[in-house]
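If you read the sequence shown in the numbering used here, its first letter stands for residue 1, the second for the next number, and so on.
Yeah, the Cβ is synthetic: ideal placement off N, Cα and C, and Gly gets one too.
These numbers come from a predicted model, not from an experiment.
Please read the structure below before turning to the comments.
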Amino acid sequence: MGREINRILYIEDDPDIRAVGVMSLEAVGGFTVVACASGAEAIAAAPSAAADLVLLDMMMPGMDGHATLRALRALPETADTPAIFMTARVQAEEIAQHKAVGGLDVIPKPFDPMALPDQIRRICAGA
């Protein structure tokens, strides 16, 4: 893909994980982050977020990651925005499902805050 990533729409329902993720992405990665606590919040924020990437948790109350991504794909602003799932469930069949619904890849949780930005850049570069 080789697309440059500057702005990330980050969807994570756990406030502690979300705080660590935002700190990692902004302070370590230098990204601009629009953080959302739910799929519904992300769908509301997406049109104005101008995100280059969607980074989303898989297991969330209400809308899970797959349902959130499907809803984001229905919006013109995020129809083609690349997405990466973050989840603790990383069996081969689960990763295949995440890719089948349009995820570029999966970053396992718990994630390393110091490594997260580089993981994202590697995935987005197609490495």
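- prompt: In terms of residues, what are the limits of the alpha helix (DSSP H) holding ASP16?
  reply: 15-23
message: Looking at the secondary structure, which residues open and close the beta strand (DSSP E) in which PRO108 lies?
response: 103-108
message: Using 8 Å as the cut-off, can you tell me whether the stretch 93-106 makes contact with the stretch 28-48, which would need three or more C-beta pairs spanning the two stretches below that distance?
response: no
message: Below 8 Å on the Cβ atoms is my contact criterion, and I expect LEU56 with PRO82 to pass it. Report the Cβ-Cβ distance as a whole number of Å.
response: Between PRO82 and LEU56 the Cβ distance is about 11 Å, and since that is not below 8 Å, they are no contact.
query: Quick one: what's got a C-beta closer than 8 Å to PRO15's C-beta in the same chain, skipping five residues either side?
result: Here the set comprises ALA37.
message: Cutting at 6 Å between CB atoms, please list the residues of its own chain near THR78, excluding the five before and the five after it.
response: ALA46 and LEU72
message: If I follow the unbroken alpha helix (DSSP H) through ILE95, where does it start and stop?
response: 92-100
message: Rounded to the nearest angstrom, what separates ILE5 and GLY62 at their Cα positions?
response: Their Cα atoms are separated by approximately 28 Å.
message: Taking 7 Å as the cut-off, is the beta-carbon of VAL106 closer than that to any non-hydrogen atom of the ligand ADP?
response: Among the ligands in the structure shown, none appear at all, so the ligand ADP cannot be discussed.
task: Tell me, please, which residues DSSP counts as bridged to THR32.
output: ARG7
task: Provide the residue span of the alpha helix (DSSP H) that contains ALA27, from first to last.
output: It is not in any alpha helix (DSSP H) - ALA27 carries neither H nor E in the DSSP assignment.
query: Near PHE31, what residues of its chain come up, given a Cβ to Cβ distance below 6 Å and the 5 sequence neighbours on each side ignored?
result: ILE8 and LEU25
message: From the DSSP secondary-structure annotation, give me the bridge partner or partners of THR87.
response: DSSP output for THR87 lists PRO108 as bridge partner(s).
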